[in-house]
Each structure stands twice: as structure tokens, then as C-alpha cells.
Amino acid sequence: APDIAGKGIANPLATILSAAMMLRYSLGRAEQADRVENSVKKVLEQGYRTADIVTPDCKQVGTAAMGDAVVAAL
66 APDIAGKGIA
76 NPLATILSAA
86 MMLRYSLGRA
96 EQADRVENSV
106 KKVLEQGYRT
116 ADIVTPDCKQ
126 VGTAAMGDAV
136 VAAL
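Take 66 as the starting number for the sequence shown in this note's numbering and just add one per residue.
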């Protein structure tokens with residue numbers, strides 16, 4: 066989305082989950098795909114949200130922080 070490029074507010078979860086789909090369906094790496102998907106689930110359960118999906122009871126983070134949280138949860 067050109068209107069938010071470079072602002073650090075994009076939600077990286079769709080891209081991360083697309084990579085999990087690539088692992089599962091193109092590369093036959095279901096176990097690794099499960100790990101990625103579970104890390105996204107864990108981060109969301111911890112209450113992290115980007116601006117597009119934030120709710121009052123959650124912690125709003127930017128693009129890099131969300132990506133870092135997913136990596137840390139792996």
C-alpha cells in the first residue's frame with residue numbers, strides 16, 4: 066500500500082503467514098509451517114496488534130516490532 070510505505074505501520078502478519086503457506090504447500094515443510102503459524106498465534110494471544118487490528122485491550126506495535134515479536138516467539 067503506497068500510502069503507508071515507509072511509515073512502519075503495515076501489518077506484516079499476512080506476509081509471514083504467506084511464507085508459512087509456502088513452506089507447507091510448495092516446499093512440503095509442514096512442521097516448519099506449523100512453527101511459524103503457532104508463533105503468530107502466540108504473539109496475537111500476547112495482545113500485540115498493528116494499528117489496523119488494534120483493540121482497546123491490546124498493545125499497538127509497528128511493523129518491525131510485530132515482526133520481531135513473531136521471530137522471538139519461534
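Even glycine gets a Cβ: it sits at the ideal position worked out from N, Cα and C.
Model, not experiment: these values are computed from the prediction.
By the 10 Å Cβ neighbour count, where 16 or more other Cβ atoms means buried, how is Y113 classified, buried or exposed?
The C-beta of Y113 has 16 or more other C-beta atoms within 10 Å across all chains shown, which makes the residue buried.
Can you tell me the Cα-Cα spacing of P67 and A95, whole angstroms?
33 Å
Please confirm whether V108 and A134 have their CB atoms less than 8 Å apart.
yes
How about L92 and V101: do their beta carbons lie closer than 8 Å?
Between L92 and V101, the C-beta spacing is not below 8 Å.
I need the straight-line Cα distance from D122 to L82, nearest angstrom please.
24 Å
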